[in-house]
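The structure under discussion appears below in the form of structure tokens.
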Amino acid sequence: MIEVENLTKDYGARLGIDGLTFSAEKGELLGFLGPNGAGKTTTMRILTCFFPATSGRATVAGFDCFEDSLEVRKRLGYMPESVPLYKDMEVGEYLSFVAGAKGVEAKDVKKSVDRVIGDCGLSEYPKSMISELSKGYRQRVGLAQALVNDPEILILDEPTNGLDPRQIREIRKLITELAGQRTMILSSHILPEVSKVCKKIVIIDKGKLVAVDTPDNLVSNVHGATKMFLRIDGPAKGVTAELGKIKGVSKVEPDDSAPDAFIVSIKKGADIKQDIPPVVVNNNWNLLEMRAIQASLEDVFIHLVTKEDA
Amino acid sequence: MFRNIGLIYKKEIKSYFKSYIAYVVIAVFMVITGFMFNDVVVKFSMLSFKAQGNPMLAKQYNLLNVTETVVRPMFGQISMIMLLMMPMLTMKLLADEKKSGTMELILTYPIRDAEVVMGKYLAGLTVFAAMLFSTVTYPLLLIALGEPEIVPMITGYFGLFLMGAAFVSLGLFASSVTENQIIAASLALGMLFLFYLMSMSAAYVSPGIGRIVSYLSINDHFFSMAKGVVDTEDIIYYLSFVVFFLFLTMRSIESHRWRG
Ligand SMILES: Nc1ncnc2c1ncn2[C@@H]1O[C@H](COP(=O)(O)OP(=O)(O)O)[C@@H](O)[C@H]1O
Ligand SMILES: [Mg+2]
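Protein chains in written order, with the numbering used here: chain A, 306 to 615; chain B, 1305 to 1564.
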């Protein structure tokens, strides 16, 4: 549905993106993750036909973003990062304008506008001036304008940026509900934003692709060693020494969360779950807690991005 | 095609009136032109009064011809005030969209750049037409009170409209090169003056160049129309002027796209 091939954007002074390649299938929710300045907005602007790439190809729904830009734009819903709106218009008036501009037939405009007003939780505000809405509600209007032509493809650039935690939760929920059968690209520089909504994540940094995978695979592939969290009632020194002797354990450290807490790093592929209880029992200690620690996507992200730097 | 132009047009017209820009600019225009009209009429009646005692004076200078003494100066003044007010009418048309970022959205809707430009141009032209129409009371007063020639008045207004149409296209272009409205207005004013003053400088250069300069001058083409003569050459000049600046505007939007 969306294909990006070796895409490069040269701003003159620097490269906005540098040889990006990725794709999204029909109906896929793609998370587009990268620190500020990574090139997310640049990529999205090429996909939405705002500007052409310097080299490479971008196709949306089978149409080239440069050659067949009008065809692409007909199928698109886009919410730019800054959510630009006409502040001197009323919500309903604005959405009718957008519907017309996006080619919704005149007889269907009212229906489409009513639908997105309902869907985006704006039913109380159709007559409000956009300038009088709160940031969270402007975000909803931004989403509504993206959705008003019932687009196959939805491109949202950092849709929760600058909102407070409650608004973030509301907008995220709305996005998940409204994504429906659409193909969607959602960018963010904050990981939970995309890992909660998207099945597939593309990570970019400094304009280059760093990783493409599911959130789960990213976690398990990237970290060579997994870790376990243990709480054992016993002398700290002894526990550290005895656990260190178990085959497959690479490191044992006390954890700050409690005096009897330890973090055990495990070599890749090893399984030590069965080996720990006997050691504890043989030494007459008590095993209070034992669980595997999942590397968070946050770790993965930092790991991937800092690796690039090195 | 026409639907898209219509959509943009409607949005701009609404915004002109909702933001009071249209009301304020038209009102100020009326006040200034009204004051100047009053001034020429008073001068005219004083001359007529003097001429009653000295008929030779009137004959000599052809001063008692209303068309010469009132109508032509009136058109000259209206065109000057138009030049001063027009940049304020056009400055926001594109600069504002660039500043607020709405340009990015509108350029990703399935609308052609040319449709955006046409919609905005026609909106500016409409408000200008309303502004020009607001001065129609002055010639009507003259007709009611005196016996001016009607034809030069009609062709003069036609000329003013064409000249204003050219002003709007230039103003729209100025608005497309910057996101700052003050810069857009200043640029437009500067360029309009350049085209306006060209006719004066024509006298100082060699006759060959002088012909070109005076051809390019935006007001030379208006003079004969104010006298009642409509020449296709003048109409073609104004139309090409408009087309040229609308074309430049589209180029400017395109380069805005490329730069991002
Ligand atoms: N219009 C522009 N002109 C020049 N450089 C730009 C422009 N837009 C973005 N950049 C640069 O391109 C890089 C990528 O920017 P951007 O795509 O906005 O990143 P992101 O959206 O991931 O934060 C940054 O280094 C940025 O400074
Ligand atoms: Mg960005």
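For every residue, glycine included, the Cβ atom is placed at its ideal position computed from N, Cα and C.
Since the structure is predicted, the reported quantities are computational estimates derived from the model, not experimental observations.
Cβ-heavy atom distance, residue i to ligand 2, below 7 Å
| i | result |
| --- | --- |
| residue 531 of chain A | no |
| residue 323 of chain A | no |
| residue 463 of chain A | yes |
| residue 346 of chain A | yes |
| residue 1408 of chain B | no |
| residue 398 of chain A | no |
| residue 386 of chain A | yes |
Cβ shell of residue i (< 7 Å), same chain only, five flanking positions each side left out
| i | result |
| --- | --- |
| residue 1472 of chain B | 1390, 1394, 1425, 1428, 1429 and 1432 |
| residue 1469 of chain B | 1429, 1542 and 1546 |
| residue 328 of chain A | 307, 308 and 309 |
| residue 1480 of chain B | 1398, 1553, 1556 and 1557 |
| residue 323 of chain A | 313, 512 and 513 |
| residue 565 of chain A | 536, 537, 538 and 593 |
| residue 421 of chain A | 400, 449, 452 and 453 |
| residue 1457 of chain B | 1375 and 1443 |
Local Cβ density within 10 Å of residue i, reported as buried at 16 or more and exposed below that
| i | result |
| --- | --- |
| residue 1448 of chain B | exposed |
| residue 1489 of chain B | buried |
| residue 350 of chain A | buried |
| residue 311 of chain A | exposed |
| residue 330 of chain A | exposed |
| residue 521 of chain A | exposed |
| residue 1530 of chain B | buried |
| residue 1476 of chain B | buried |
| residue 588 of chain A | exposed |
| residue 1348 of chain B | buried |
| residue 462 of chain A | buried |
| residue 1358 of chain B | exposed |
| residue 1559 of chain B | exposed |
| residue 1379 of chain B | buried |
| residue 1307 of chain B | exposed |
| residue 470 of chain A | exposed |
| residue 1446 of chain B | buried |
| residue 345 of chain A | buried |
| residue 1350 of chain B | exposed |
Close beta carbons around residue i, own chain, < 6 Å, minus the five adjacent residues each side
| i | result |
| --- | --- |
| residue 360 of chain A | 313 |
| residue 407 of chain A | 454 |
| residue 341 of chain A | 494 |
| residue 1455 of chain B | 1532 |
| residue 1544 of chain B | none |
Inter-residue spacing [alpha-carbon to alpha-carbon] between residue i and residue j
| i | j | result |
| --- | --- | --- |
| residue 1434 of chain B | residue 1492 of chain B | 20 Å |
| residue 511 of chain A | residue 362 of chain A | 19 Å |
| residue 1483 of chain B | residue 496 of chain A | 34 Å |
| residue 1556 of chain B | residue 1515 of chain B | 30 Å |
| residue 1527 of chain B | residue 383 of chain A | 51 Å |
| residue 1540 of chain B | residue 1338 of chain B | 31 Å |
| residue 615 of chain A | residue 479 of chain A | At residue 615 of chain A, the pLDDT of 40 sits below 50, so the modelled position is not reliable; the number obtained from the coordinates is stated separately. For residue 615 of chain A and residue 479 of chain A, the distance between alpha carbons rounds to 39 Å. |
| residue 448 of chain A | residue 1464 of chain B | 46 Å |
| residue 513 of chain A | residue 1418 of chain B | 35 Å |
| residue 338 of chain A | residue 608 of chain A | 14 Å |
| residue 356 of chain A | residue 507 of chain A | 22 Å |
| residue 315 of chain A | residue 1466 of chain B | 43 Å |
| residue 1403 of chain B | residue 1551 of chain B | 22 Å |
| residue 1375 of chain B | residue 1305 of chain B | 41 Å |
| residue 443 of chain A | residue 501 of chain A | 23 Å |
| residue 457 of chain A | residue 379 of chain A | 9 Å |
| residue 1410 of chain B | residue 1396 of chain B | 16 Å |
| residue 1386 of chain B | residue 1330 of chain B | 10 Å |
| residue 492 of chain A | residue 464 of chain A | 8 Å |
Beta-carbon contacts of residue i that lie in its chain and below 8 Å, excluding the five residues immediately before and after
| i | result |
| --- | --- |
| residue 1520 of chain B | 1499 and 1502 |
| residue 1518 of chain B | 1502, 1503, 1506 and 1524 |
| residue 613 of chain A | Residue placement at residue 613 of chain A cannot be trusted, given a pLDDT of 48 that sits under 50; what the coordinates show is reported in the next sentence. 510, 511, 513 and 515, listed in sequence order. |
| residue 333 of chain A | 306, 488, 489, 504 and 505 |
beta-carbon residue i near ligand 1 non-hydrogen atom, thresh 7 Å
| i | result |
| --- | --- |
| residue 343 of chain A | yes |
| residue 316 of chain A | yes |
| residue 1475 of chain B | no |
| residue 549 of chain A | no |
| residue 319 of chain A | yes |
| residue 339 of chain A | yes |
| residue 1563 of chain B | yes |
Proximal chain E residues relative to residue i, where beta-carbon distance stays under 7 Å
| i | result |
| --- | --- |
| residue 1405 of chain B | No chain E appears in this structure, whose protein chains are A and B. |
Q.
Taking 8 Å as the cut-off, does the segment 381 to 388 of chain A touch the segment 396 to 405 of chain A (at least 3 CB pairs, one atom from each stretch)?
A. With the cut-off at 8 Å, the segment 396 to 405 of chain A and the segment 381 to 388 of chain A do not touch.
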